[in-house]
Amino acid sequence: MTIQLHNTKTGKKETFVPIDKNSITMYLCGPTVYNYAHIGNARPAVVFDVLNNLLKYHYPKVTYARNITDIDDKINKSAMELGQNIKKYAKKYADIYNHDIEQLGVQAPDIEPYATEHIPQIIAMINDLITKGHAYAAEGHVLFSVNSYENYGRLSNRNIDDMIAGARVEIAPYKKHPADFVLWKPSDESLPGWGSPWGRGRPGWHIECSAMCKEHLGTIIDIHCGGRDLVFPHHENEAAQSCCANSTESFANYWVHNGMINMDNHKMSKSLGNILLIKDVVKKHKGEVIRWLLLSSQYRQSVSWSEDSIYKSQKTLDRIYTALRENQDSIAEVHHNNIPASIIKALDDDLNTPIAFAEINKIAKQLAKAKSSNDKVLYKSQLLSAGLLLGFFQENPESWFKADDIDSDKIEKLIKQRNTARDNKDWEKSDQIRNELAAMNVVLEDSAKGTRWSVKNQ
RNA sequence: GGCUGGAUGGUAGAGUGGCUAUACAUCGGUUUGCAAAACCGCGGACACCAGUUCGAAUCUGGUUCCAGCCUCCA
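Residue numbering for the first sequence is 181 to 638, as defined by our numbering.
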């Protein structure tokens with residue numbers, strides 16, 4: 181068994197070699213909670229949920245941490261504009277994030293650290309950086325000195341001087357070097373703040389992740405994940421801080437970054453104003469459908485988001501659930517051992533979910549065609565076991581085709597009436613009832629076994 | 001300007017130096033009171049130009065176009 185992962189550090193696909201195969205550590209940069217979570221927040225949560233499952237399939241112990249950044253100027257700004265308590269405001273959106281991604285089948289991580297609960301660790305780390313000559317205090321701020329770290333820029337493959345030449349932002353006067361970034365900044369009374377050797381203040385962006393990684397996973401971790409757009413500056417800075425503060429060569433051995441979501445061939449982003457919120461998407465579509473869509477591209481590629489791609493995901497899952505619905509009497513054994521090797525092989529290869537999905541489709545087809553009870557049990561077991569690993573097919577197939585807000589008794593009564601009419605070959609009445617149900621978005625399917633109904637998905 | 005990635009059938013999306021990806025859609029068939037679902041089957045693709053090779057959509061070089069990061073971002 182070897183997992184291959186594309187490592188941003190080297191720009192290559194590499195064989196994953198853990199620091200300690202009996203205890204794997206993985207960290208995902210979770211959201212800064214200042215608004216409703218969008219589908220761009222959902223993609224890493226979903227993708228690395230699968231990676232977490234895969235690692236847990238292979239290794240006896242995996243510690244997966246996914247943080248919540250609940251102290252940030254964006255949070256302060258939003259909360260203050262709305263006249264709300266900043267702490268409560270952040271907590272509210274952290275809970276919403278968790279609730280929303282849960283709808284997409286994302287399991288809770290092993291550890292969910294909050295930045296504000298790690299202020300002492302953050303201050304200690306900043307102290308270390310100052311002591312070791314990698315940071316300096318100036319005008320109530322503490323800044324990381326990029327010149328003090330020769331490897332600065334290596335993760336994101338950037339040359340500091342080039343970046344400064346193209347810099348478009350005004351440089352704060354207290355910075356020794358234009359690329360120096362803030363570790364600690366002063367807070368006035370209106371802002372959240374904590375006592376520190378540099379006065380009352382709050383942490384800058386980046387340091388919280390370094391401190392939380394160290395606290396929960398150690399000074400060097402196996403895998404650090406996040407969105408592609410975090411490579412610079414966030415991860416570059418995290419790596420610099422951590423390596424300097426901990427006096428280590430490496431911070432994370434594997435840096436794994438997911439691609440963006442594209443709407444009309446453009447990244448979904450705040451500046452373009454094309455943000456789609458999870459809460460709005462799951463109002464219209466099943467979470468599992470969205471999860472399928474998010475995993476139907478390999479994680480490093482962009483996802484083309486459209487109504488059409490949602491529809492395709494819906495239809496594909498409908499077909500698979502139909503196969504399961506036809507085989508409800510077969511008793512499947514859901515177990516790791518029943519996951520087909522082809523699926524593990526696909527996932528081991530840098531999380532190739534499209535191939536895994538192709539395999540799932542083939543198995544679903546086998547299941548639909550299966551004649552013998554042995555085959556039925558075999559394929560159903562494979563499908564449900566692989567589904568568990570990837571986060572699919574655990575819903576009851578009957579309920580998959582129903583809607584929560586529908587009057588089942590009434591529908592079944594009408595179906596009974598229609599079947600009486602059919603027995604009497606009263607096709608006119610039969611069709612009239614079918615139309616009546618169709619108006620309620622209910623689709624009927626007659627078979628030798630009786631009449632089956634489903635709510636038509638939009 | 002610097003650094004990354006891309007360009008595959010109607011659409012989405014993998015992969016491979018010669019062998020059906022897969023899904024959705026279309027078309028034909030089986031089935032059906034009608035239908036639906038399911039199944040069977042048929043097509044159809046590798047941006048452009050050179051080169052390497054017995055053979056390239058797959059390797060190399062170039063061209064064009066697209067996206068991302070360099071500024072908050074997942």
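The beta carbon of each residue, even a glycine, is placed where N, CA and C say it ideally should be.
- Counting C-beta atoms within 10 angstroms of its own C-beta, residue 391 has 16 or more neighbours from the protein chains shown and is therefore classed as buried.
- As the crow flies, the alpha-carbon of residue 439 is around 29 Å from that of residue 269.
- Residue 583: not part of any alpha helix (DSSP H); DSSP gives it neither H nor E.
- A contact between stretches requires three or more CB pairs, one per stretch, nearer than 8 Å, and the segment 264 to 284 meets this requirement with the segment 212 to 229.
- Uninterrupted beta strand (DSSP E) stretches at least 3 residues long and entirely within the segment 403 to 471 occur at 432 to 438 and 441 to 443, given in chain order.
- The beta carbon of residue 432 is closer than 6 Å to those of 401 and 404 in its chain, skipping five residues each way along the sequence.
- The alpha helix (DSSP H) runs of length 4 or more contained entirely in the segment 466 to 537 are, from start to end of the chain, 467 to 475, 487 to 506 and 521 to 528.
- Distance from the CA of residue 376 to the CA of residue 445, rounded to the nearest whole angstrom, comes to 46 Å.
- About 7 Å separates the Cβ atoms of residue 465 and residue 494, confirming a contact at the 8 Å cut-off.
- Rounded to the nearest angstrom, the gap between the Cα atoms of residue 616 and residue 609 is 10 Å.
- Around the C-beta of residue 199, fewer than 16 other C-beta atoms lie within 10 Å, and the residue is accordingly described as exposed.
- One Cα belongs to residue 335, the other to residue 362, and the distance between them is close to 19 Å.
- Here the segment 475 to 484 makes contact with the segment 528 to 541; the two share three or more CB pairs at distances below 8 Å.
- Beta-bridge pairing by DSSP links residue 626 to 631.
- For residue 361, the enclosing beta strand (DSSP E) covers residues 361 to 366.
- For residue 246, the enclosing beta strand (DSSP E) starts and ends at 242 to 246.
- Between residue 489 and residue 504, the C-beta gap is not smaller than 7 Å, which leaves the two residues out of contact.
- For the options 323, 232, 602 and 596, the alpha carbon positioned closest to that of residue 420 is the one of 323.
- Its chain contains 210, 211, 213, 217, 221 and 248 as the residues whose beta carbon lies nearer than 8 Å to that of residue 277, once the 5 sequence neighbours on both sides are disregarded; these appear in chain order.
- In the DSSP assignment, residue 181 falls outside any beta strand (DSSP E), carrying neither H nor E.
- Under DSSP, residue 206 shares a beta bridge with 244 and 403.
- Annotated three-state conformation of residue 187 is strand, per DSSP.
- Three or more Cβ pairs closer than 8 Å define a contact, and the segment 380 to 389 meets that threshold against the segment 295 to 314.
- By the 16-neighbour rule on beta-carbons within 10 angstroms, residue 499 is exposed.
- Counting the other CB atoms within 10 Å of its CB gives residue 580 a total of 16 or more, which places it among the buried residues.
- By the 16-neighbour rule on beta-carbons within 10 angstroms, residue 241 is exposed.
- Counting along the chain, the unbroken alpha helix (DSSP H) around residue 592 starts and ends at 588 to 603.
- DSSP links residue 316 through a beta bridge to 323.
- Taking every protein chain shown into account, the CB of residue 604 has fewer than 16 other CB atoms within 10 angstroms, so this residue is exposed.
- With fewer than 16 other Cβ atoms inside 10 Å of its own Cβ, residue 596 counts as exposed.
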